[in-house]
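Taking it in order: structure first as structure tokens, then the write-up.
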Amino acid sequence: MNSTNKNEHTHPTPTNGQWKTFGSFVQKEFYHITRDQTTLALLLILPVLLMILFGFSINTEVKNSQIAIYDPSNDVATRGIIEKIKASDYFTVVRMLNNPAEIEKQFLKDDLKMVVIFSDHFYENMQRTGKAQIELLTDGTDPNSAMTVVSYASNIIGLYQQDLFKIQQIPFEITPSVKLMYNPELKGPYFFVPGILGMILMIICSMMTSISIAREKEFGTMEVLLVSPFKPMSIILSKTIPYFVISLVNLATMLLLSVFMLKVPIAGSLFWLVTFSILFIFLSLSLGLLVSSIANSQLQALLFSGMVLVIPVVMLSGMIFPIENMPAFFQWFSKLIPATWYISGVKKIMIKGLGFTSILPELGVLISMTILLIGISWKTFKYRLE
Amino acid sequence: MNKRNKNIKDIAKPNQLLSRFNPRGFGALKFLLEKEFKQILRNKFLIRVIIFLPLIALSLLPMVANFEIKNNNLAVIDNDHSPSSSLFIRKIVSSGHFHLVSVRQNYNDALNDIEQDRADVILEIPAFFEKDLMTTYSAQVNVTANAVNAVKGALGSGYLMQIIHNFSNDLRSRFMAGNSKIQTPAFEIVPRYDFNPYLEYKFSMIPAIIMMILGMISGFLPALNIVGEKEKGTIEQMNVTPVGRFPVILSKLIPYWIIGFIVLTICFIVVWIIYDMVSVGGYLEIYLFATVFVLAFSGLGLIISNYANTIQQAMYLMFFFVINFIFLSGLYTPISSTPEWVQSMSLFSPLRYMIEALRSIYLKGSHFGDLWTKFAALVGFAVFFNLWAILSYRKKA
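Keeping their order, the protein sequence lines are chains L and C. The numbering of the first sequence is the numbering used here, which starts it at 152 and goes up by one. The numbering of the second sequence is the numbering used here, which starts it at 675 and goes up by one.
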């Protein structure tokens, strides 16, 4: 087969015939995938599902938070502040309390987020002694939403104070002009989209590739492939091509969903985002090859890639949980996870809109990791089955 | 089918052992349960999972699953270099909310700190800050916050605004003290966090993690058990006996129900030892909720096992449901801040009711009377899932 084409090509390898064989191996692999419709559906629907789940269910905005008010003063100032609070979209006043004993009870029963408690004779004290007090009592069982609710409420009450000062001409006012970079509307998905990209590409490339190779070992068809005259490494490479294509499809789906469904725009260069992602796909594929050379059965491959690849990515890559909050050991460990670098790079290009030079460190780390992994899987690759 | 069963009954009649009970009724349950427990106790892997999963998950997860926002890294550009501006900066740093990481000469350098994630917030004090303050009695500062993480951005800039506000108040009281003509109206805002005054994130995560463990164990194990029997072919042996499907399902349900209680107890002991946390409310109420919750999840596991033919299929299906339930449970972020349609979807997640109930009882000390609607919802899920499991159980392979 090779000899017929040899004359037409000056370079020895790969010849046209080898390419043809390679092509048919890749075709065989595509048949495998398209025939197993459950897995194919999983491969294509999983990214969409995760995008929807993360995009809509993880949301940190404060909106229509239920609050109650205890106002024993009921004077000009407290009424003014309550009006301001009621006018905002952030809070819905569900209850006016008459009795301080009710305050704690309400927290036990309702989905109440905050109780605003005014001190006695509020207006009088505010004008004379400056000792008037507003207590913002929140449900600390959900710390972040408690802090966010307090900060929103403080700003609203601060607005009331500013209005008051305008009328009364109060000196020594420092006004901050606040700019929220990259995500001015404070939307949750901006933080999660890069993480989902990293997780999906890792699952599809590493887990699926390693399982598909392990399946051939388990069913004994690997033996058949290995005795063919085709080079063993090329056999393995032909298995990665379909997953590479599926990853590209997933990447496109996720970017489209992110831009059009979650309204997270690609702030930087699309070209560099895609190039950077393809590098990460190569890295994940080489990880998958490494796992497949260790695992002999599908279950082993599944468990191994689940425990060693997917769980660390989800837990430690900064995808959901901020790395800076972790204990030092986990922070150090997270640097060894490729997805950490990928997610950080995607955040820079896609969300922050920075140029190519800003991701040079990430790029460097990922390239060296890829070279290392390909090297290791080349060394550990077994030409024979036990 | 009926005819065949009749025949088996006829043959079985002379048998002394079988004639003591109605094989289609509950008499068989005792023997089936004995079989299940023997199988579970023999399985070393299962016992290890039951003991070590709570231990590992509860000791590692709260360390990692931490959304706490405590340290905002601050970059400062002081174009004024006046006593007031340095007092202002000191005031911000001493608030404890900010960690001063860099002092830059121009905005672009500081912006670079944000780009490379070294800083979260930039404070720029313009030239003539002090002069403006003293002559025109007002000044402006620029705050730039990195809002990729929306919570962090909002809180960081929010804190800074509060400190700026307090600083103006301080200045005012200092410089206006002698001037009795101008009386400044003032009030203070005091935030207080109930149930968790230091806002420790682990307090809110731990009850949720306990419920995740309980849900996974009581959902995955029965599903894997039955599908495992299907794969091995031993379920056939069960199916050819005259035992009805109701006792068969019950015999699969009860052991995992008991395992659920054991796991829950292990979780509480682990949390008590590692974090010194005990429930504010009654344990009796927690176990009451857990009883129904475990039944609901085991029922779901059984439904899946009725439809799945291989362990892999069962794993994928269960994974699909569990991940949906977790995301719709308010584990990570409050449900009230999600869009309407997600809120209505979350009504279908049994995990939501259980996590809300456990957080309320465990952290706040709520009573059954406060939470009965959640209990009713869980009972609904348990009845629905288990009825479906029994109805969809087919003795045919």
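Ideal placement from N, C-alpha and C gives every residue a C-beta, glycine not left out. Model, not experiment: these values are computed from the prediction.
In DSSP terms, what ARG246(L) is bridged to: Its beta-bridge partners are ALA219(L).
Three-state class that DSSP yields for GLN779(C) in the structure shown: In the structure shown, GLN779(C) sits in coil (DSSP, three-state: anything other than H, G, I, E or B).
Beta strand (DSSP E) runs wholly inside the stretch 757-843 of chain C, at least 3 long, in chain order: If we require 3 residues or more, the beta strand (DSSP E) runs fully inside the stretch 757-843 of chain C come out as 772-778, 795-799, 812-820.
Short CB-CB distance (under 7 Å) between SER456(L) and chain C: Cβ-Cβ to chain C under 7 Å: no for SER456(L).
Within-7 Å CB hit, ASN476(L) to chain C: At least one chain C Cβ lies under 7 Å of ASN476(L).
VAL378(L) to GLN790(C) span [Cα, whole Å]: A straight-line Cα-Cα distance of about 52 Å links VAL378(L) and GLN790(C).
First and last residue of the uninterrupted alpha helix (DSSP H) at THR289(L): No alpha helix (DSSP H) holds THR289(L); the beta strand (DSSP E) holding it covers 283-290.
ALA297(L) and VAL266(L) closer than 7 Å at C-beta: No; because the gap between Cβ atoms is not below 7 Å, this pair is not in contact.
Three CB pairs or more closer than 8 Å across the stretch 964-982 of chain C and the stretch 911-929 of chain C: Yes, the stretch 964-982 of chain C is in contact with the stretch 911-929 of chain C.
Interface flag, HIS771(C) vs chain L, CB-CB below 7 Å: So, not an interface residue.
Within chain L, partners of HIS839(C) - CB distance below 7 Å: Close to HIS839(C), with beta-carbon spacing below 7 Å, are these residues of chain L in chain order: GLY309.
Any 3 or more C-beta pairs closer than 8 Å across the stretch 228-242 of chain L and the stretch 193-204 of chain L: Taking a contact to require three or more Cβ pairs closer than 8 Å, the stretch 228-242 of chain L and the stretch 193-204 of chain L do not qualify as touching.
Proximity of SER831(C) and ALA819(C) at Cβ, strictly below 7 Å: Contact: yes.
Against chain L: residues of the stretch 787-811 of chain C by CB proximity under 8 Å: Residues are counted here when their Cβ sits less than 8 Å from a Cβ of chain L; for the stretch 787-811 of chain C these are ILE788, GLU789, GLN790, ASP791, LEU807, TYR811, given in chain order.
Any C-beta of chain C under 7 Å from that of GLY291(L): Yes, GLY291(L) lies at the interface with chain C (some Cβ there is under 7 Å from its Cβ).
Simplified DSSP state of MET358(L), which is helix, strand or coil: Secondary structure at MET358(L): helix, using DSSP grouped into helix, strand and coil.
N-terminal and C-terminal residue of the beta strand (DSSP E) that PRO327(L) is part of: Looking at the DSSP string, the run of the beta strand (DSSP E) that includes PRO327(L) is 324-332.
Where ALA749(C) sits in the DSSP three-state scheme: Of the three classes helix, strand and coil, the one that applies to ALA749(C) here is strand, per DSSP.
Per DSSP, cross-strand counterpart(s) of MET265(L): ILE218(L), THR289(L).
Test: ALA1051(C) CB closer than 7 Å to a CB of chain L: For ALA1051(C), no CB of chain L lies under 7 Å from its own CB, so it is not counted at the interface with that chain.
LEU727(C) and ILE883(C) closer than 7 Å at C-beta: With contacts defined as CB atoms closer than 7 Å, LEU727(C) and ILE883(C) fail to qualify as a contacting pair.
is_contact[ALA297(L), chain C] using C-beta, thresh 7 Å: Taking Cβ atoms only, chain C reaches closer than 7 Å to ALA297(L), which makes this a yes.
C-beta neighbour in chain C for GLY506(L), strict 7 Å: Closer than 7 Å to the CB of GLY506(L) there is not a single CB belonging to chain C.
Helix, strand or coil at ARG1068(C) according to DSSP, with G and I counted as helix: Three-state result, ARG1068(C): coil.
For PRO865(C), the residue or residues it bridges with in DSSP: Answer is LEU287(L).
Uninterrupted alpha helix (DSSP H) stretches inside the stretch 378-413 of chain L (no shorter than 4 residues): With a minimum length of 4 residues, the continuous alpha helix (DSSP H) runs that stay inside the stretch 378-413 of chain L are 383-407.
Closest residue to LEU453(L) among VAL516(L), ASP187(L), PHE481(L), SER361(L) (Cα-Cα distance): Considering only alpha carbons, the answer is SER361(L).
Per-residue contacts from TYR930(C) into chain L (C-beta, under 9 Å): The contacting residues do not exist; TYR930(C) stays about 22 Å from chain L at best.
Chain L contact for LYS855(C) (CB, 7 Å cutoff): Because the pLDDT at LYS855(C) is just 49, under 50, the model does not fix this residue reliably, and the point stays unresolved.
Selection from THR809(C), SER1020(C), ASN747(C), VAL817(C) that minimises the alpha carbon distance to LEU1002(C): Among THR809(C), SER1020(C), ASN747(C), VAL817(C), the Cα nearest to that of LEU1002(C) is on SER1020(C).
Short Cβ contact (7 Å threshold) for VAL1016(C) with SER409(L): No, they are not a contact pair.
Assigned secondary structure, ALA686(C) (DSSP; H/G/I helix, E/B strand, else coil): Residue placement at ALA686(C) cannot be trusted, given a pLDDT of 47 that sits under 50; the coordinates are not used to answer.
Extent of the continuous alpha helix (DSSP H) run through GLY231(L): In the DSSP annotation of this structure, the continuous segment of the alpha helix (DSSP H) that includes GLY231(L) starts and ends at 227-238.
Beta carbon proximity, PHE342(L) to chain C, threshold 7 Å: Taking Cβ atoms only, chain C reaches closer than 7 Å to PHE342(L), which makes this a yes.
Chain L contact residues for MET737(C), given Cβ-Cβ distances below 8 Å: Within chain L, the residues near MET737(C) are MET477, PRO478, PHE481.
MET989(C) vs MET885(C) beta-carbon contact at 7 Å: With respect to the 7 Å criterion, MET989(C) and MET885(C) are not classified as neighbours on the basis of their beta carbons.
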